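Enquirer: By numbering that gives the first Met the number 0, the letter at position 18 of the sequence shown is numbered 17, and the numbering carries on one by one without gaps.
Positions of the beta carbon are idealized from the N, C-alpha and C atoms, including for glycine.
Small disclaimer: the values here were computed from a predicted structure and weren't measured.
Take this structure, written in C-alpha cells, and hold onto it; I'll ask about it next.
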Amino acid sequence: MGKLAITGGEAIRKKRFDPWPVFTETERAALEDVLTNRNWGGQPFPGKHTEAFGKKFAEYHTAKYGQTVNTGTVAIQAALKAIDIRPGDEVLVPAYTWEGTVGPVLLVNAVPIFVDVDPESYCMDAKQIESLLTPKTRAILPVHLGMRFADLDAIMAIAKKHNLKVIEDCAHVHGGMWRDKGAGSTGDLGAFSFQSSKLMTSGEGGAVITNNLEYFERVQSYINAGRRSVTDKYKKRLIGFNYRLGEFQAAILGPQLERLPEQGKVRQANMDYFESRIRGIQGIGLLKPEPRITRPAPYGYVLKYFAEQVKGIPRAAFVGALQLEGIPCDGLFYEPVYCSSLFPLDPNDFPALSWGRPKPLDLRNMYKCPESERAAYHEAVWFSHHLFLGSKADVDSIVNAMCKVMENIEEMRGLEHPAVKAQGQSRADRES
Ligand SMILES: Cc1ncc(COP(=O)(O)O)c(C=O)c1O
Numbered sequence: 000m001g002k003l004a005i006t007g008g009e010a011i012r013k014k015r016f017d018p019w020p021v022f023t024e025t026e027r028a029a030l031e032d033v034l035t036n037r038n039w040g041g042q043p044f045p046g047k048h049t050e051a052f053g054k055k056f057a058e059y060h061t062a063k064y065g066q067t068v069n070t071g072t073v074a075i076q077a078a079l080k081a082i083d084i085r086p087g088d089e090v091l092v093p094a095y096t097w098e099g100t101v102g103p104v105l106l107v108n109a110v111p112i113f114v115d116v117d118p119e120s121y122c123m124d125a126k127q128i129e130s131l132l133t134p135k136t137r138a139i140l141p142v143h144l145g146m147r148f149a150d151l152d153a154i155m156a157i158a159k160k161h162n163l164k165v166i167e168d169c170a171h172v173h174g175g176m177w178r179d180k181g182a183g184s185t186g187d188l189g190a191f192s193f194q195s196s197k198l199m200t201s202g203e204g205g206a207v208i209t210n211n212l213e214y215f216e217r218v219q220s221y222i223n224a225g226r227r228s229v230t231d232k233y234k235k236r237l238i239g240f241n242y243r244l245g246e247f248q249a250a251i252l253g254p255q256l257e258r259l260p261e262q263g264k265v266r267q268a269n270m271d272y273f274e275s276r277i278r279g280i281q282g283i284g285l286l287k288p289e290p291r292i293t294r295p296a297p298y299g300y301v302l303k304y305f306a307e308q309v310k311g312i313p314r315a316a317f318v319g320a321l322q323l324e325g326i327p328c329d330g331l332f333y334e335p336v337y338c339s340s341l342f343p344l345d346p347n348d349f350p351a352l353s354w355g356r357p358k359p360l361d362l363r364n365m366y367k368c369p370e371s372e373r374a375a376y377h378e379a380v381w382f383s384h385h386l387f388l389g390s391k392a393d394v395d396s397i398v399n400a401m402c403k404v405m406e407n408i409e410e411m412r413g414l415e416h417p418a419v420k421a422q423g424q425s426r427a428d429r430e431s
C-alpha cells in the first residue's frame with residue numbers, strides 16, 4: 000500500500016466539485032414561460048427566445064448578427080455554407096482539436112488540410128499556414144482551444160493577403176475577447192457550441208455570429224430547411240436541413256449569458272491563483288501568457304506535463320493518480336484529428352479527396368504534426384472550467400493533489416490500473 004490513492008492511500012479530496020451546469024430560478028421561470036406560451040419549436044421562425052438570445056449573444060461578442068442552431072458542428076457547417084465553400088475546396092484546420100471541427104468540412108465535401116499547433120498556445124500555428132496553401136484553399140478555420148486564442152492577427156493578415164475567409168471555431172471561448180473584439184467577430188463568422196460541457200449550455204445547441212448580413216441570411220436559410228431568411232435582402236435560398244434550436248433550449252441560454260461575466264471573473268481569479276501555485280512545480284509547464292486576449296474565457300485550464308522531468312513516469316500515470324485523488328482531469332482529451340479512429344475514410348464517400356489528384360488523399364497517413372502529437376499523447380493535461388467556479392480551497396485541493404502525486408511519483412512506476420489504462424484511449428473512443 001502506498002501513499003497515493005491509486006496505490007491504496009487516502010485521497011486528498013473526497014468531496015465532489017460542484018456540478019456543472021448551474022442554474023437558478025431564472026432558468027426555471029424562462030422554461031415555464033416557454034411551456035405556457037406553447038410556442039416550443041423554432042417555427043414560426045425565429046421563436047421569441049431564440050431571436051432575443053441570438054441578438055444578445057452576437058452583441059456580447061461585438062458582432063451584428065447571431066443565429067442559434069441545434070449544435071456546434073452544425074454552426075460550423077452553416078458557416079461553411081455561408082461563405083459558399085464548394086465541393087473540392089480546401090479548408091485549413093488545426094490538427095489538435097475536437098473531431099467536430101473537421102467533420103463539417105468533410106460533410107460539405109470539402110477537404111480539410113491539417114495545420115500543426117503552436118506549442119505555446121496549442122492553437123493553430125499561423126506560421127505554418129502559407130506553406131500549406133494551394134490554388135484550392137478557400138478558408139481558414141482556427142479553433143480557440145482550451146484557454147487560448149489562435150493568433151488572429153497573423154491569421155487575418157494571411158487571409159487578407161490570399162483572399163481567404165476565416166471561420167473561428169469558438170466552442171471553447173464564450174464571452175472571450177481578442178484585442179477587445181468578441182470571439183467570432185474578428186473572422187468572417189464565429190461558430191459556438193452549447194453542448195453540455197461548454198461555458199454556456201442548453202444540453203445541445205450552437206450559434207453562428209457574423210458582421211455580414213449576406214452570410215447571416217445564408218445561415219438562416221440553411222438552418223431553416225431552405226426557407227427565406229427573415230430579412231431576405233440577398234434573395235438567396237439554400238438547400239438545408241431543419242437545424243433550428245428549440246425554444247426551451249434558447250430560454251435557458253438567456254440567463255446564462257447574463258451570468259457569464261460574473262462567472263468569468265470568479266473563474267479567472269481562481270485560475271490566476273492556481274497558476275501562481277503551480278508555477279515552478281517540477282514536471283509542470285504553463286502555456287505562454289497572451290496579452291492580446293483582453294477578456295479571457297477558458298473552457299478549461301490546460302497545463303503541460305513533462306515526463307522527462309519526473310523520472311520518465313508517463314502522463315497517463317499522472318492523470319490516473321490525480322483522478323483517484325479526487326481531481327477530475329484528462330490527458331488524451333483530443334487526438335490529432337488525422338489520427339482519430341474515424342480515419343481512414345473511404346474515398347468513395349468523400350469524392351473530393353480524389354478530385355484532380357493521382358491518388359485519393361489519405362488524411363490519416365499524409366500528416367505528421369509533431370506539436371499536436373506531443374500535446375495529445377504526452378503533454379497536455381485538461382481541467383474543466385467548472386472546477387474553477389468554486390472557492391480557493393477547491394483550487395488548493397487540486398494543487399495539493401498535484402504536489403502529492405509528484406512527491407510520490409515513484410509509486411506509479413509500472414503500475415497497471417484501469418484509470419491509467421483508460422488514458423491509452425482517446426476520449427472519443429472512450430465515450431463511444
Ligand atoms: C472545438 C470544438 N469544435 C466543435 C465542437 C462541436 O460542437 P457540438 O458538439 O455542439 O456539435 C466542439 C464540441 O463539442 C468543440 O469542442
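So, under 8 Å CB-CB, Ala138 and Val116 are touching, yes? Tell me the CB distance rounded to an integer number of Å.
Expert: Not quite, the Cβ-Cβ distance comes to about 18 Å (not below 8 Å), so this is no contact.
Enquirer: Is it the case that the CB of His385 approaches a heavy atom of ligand 1 more closely than 7 Å?
Expert: No, the Cβ of His385 stays beyond 7 Å of every heavy atom of ligand 1.
Enquirer: State the Cα-Cα distance for the pair Ile82 and Thr230, rounded to the nearest angstrom.
Expert: 18 Å
Enquirer: Can you find a heavy atom of ligand 1 that lies under 7 Å from the Cβ of Ser371?
Expert: no
Enquirer: Alpha carbon to alpha carbon, what distance is there between Cys169 and Val419?
Expert: 31 Å
Enquirer: Sort Ala374, Asn69, Arg429 by Cα distance to Ser201 and report the nearest one.
Expert: Asn69
Enquirer: Among the candidates Ala78, Ala125, Met146, Phe273, whose CA atom is the shortest distance from the CA of Leu106?
Expert: Ala78
Enquirer: Along the chain, where does the alpha helix (DSSP H) containing Gln76 start, and where does it finish?
Expert: From DSSP, the alpha helix (DSSP H) with Gln76 extends over 71 to 81.
Enquirer: Could you compute how far the alpha carbon of Gly124 sits from the alpha carbon of Asp179?
Expert: In the sequence under discussion, the amino acid at residue 124 is Asp, which differs from the Gly named in the question. If I take the Cα positions, the gap works out to 22 Å.
Enquirer: Quick check: the Cα distance between Leu344 and Gly102, rounded to an integer number of angstroms?
Expert: Roughly 12 Å between the two C-alpha positions.
Enquirer: Would you kindly report the start and end of the unbroken alpha helix (DSSP H) that includes Ala320?
Expert: 314 to 323
Enquirer: Tell me the rounded alpha-carbon separation between Val500 and Val301.
Expert: What is shown of the chain runs 0 to 431, which leaves residue 500 out entirely.
Enquirer: Any heavy atom of ligand 1 closer than 7 Å to the beta-carbon of Asp329?
Expert: Answer for Asp329: no, Cβ out of range of ligand 1.
Enquirer: Quick one: what's Trp177 bridged to in DSSP?
Expert: Lys180, Ile292
Enquirer: For Gly413, does the three-state DSSP call read helix, strand or coil?
Expert: coil
Enquirer: My understanding is that Tyr242 touches Val73, with C-beta atoms under 8 Å, so please give their C-beta distance in whole angstroms.
Expert: 5 Å
Enquirer: I'd like the list of long-range same chain contacts for His173, defined as Cβ closer than 7 Å, with 5 residues on each side in sequence excluded.
Expert: Phe191, Lys197, Leu198, Met199, Leu259, Ala296
Enquirer: Does any heavy atom of ligand 1 sit closer than 7 Å to the C-beta of Asp88?
Expert: Because no heavy atom of ligand 1 lies under 7 Å away, the Cβ of Asp88 does not count as near it: no.
Enquirer: Going by alpha carbons, who is nearest to Val142 out of Arg226, Ile166, Leu132?
Expert: For the set Arg226, Ile166, Leu132, the Cα lying nearest the Cα of Val142 is the one of Ile166.
Enquirer: Tell me the DSSP secondary structure of Val101 in three-state form.
Expert: coil
Enquirer: With Gln267 as the anchor, note down where its alpha helix (DSSP H) starts and where it stops.
Expert: Element bounds for Gln267: 246 to 277.
Enquirer: My understanding is that Gly253 touches His48, with C-beta atoms under 8 Å, so please give their C-beta distance in whole angstroms.
Expert: 7 Å
Enquirer: At the level of alpha carbons, what is the spacing between Gly7 and Asp329?
Expert: 21 Å
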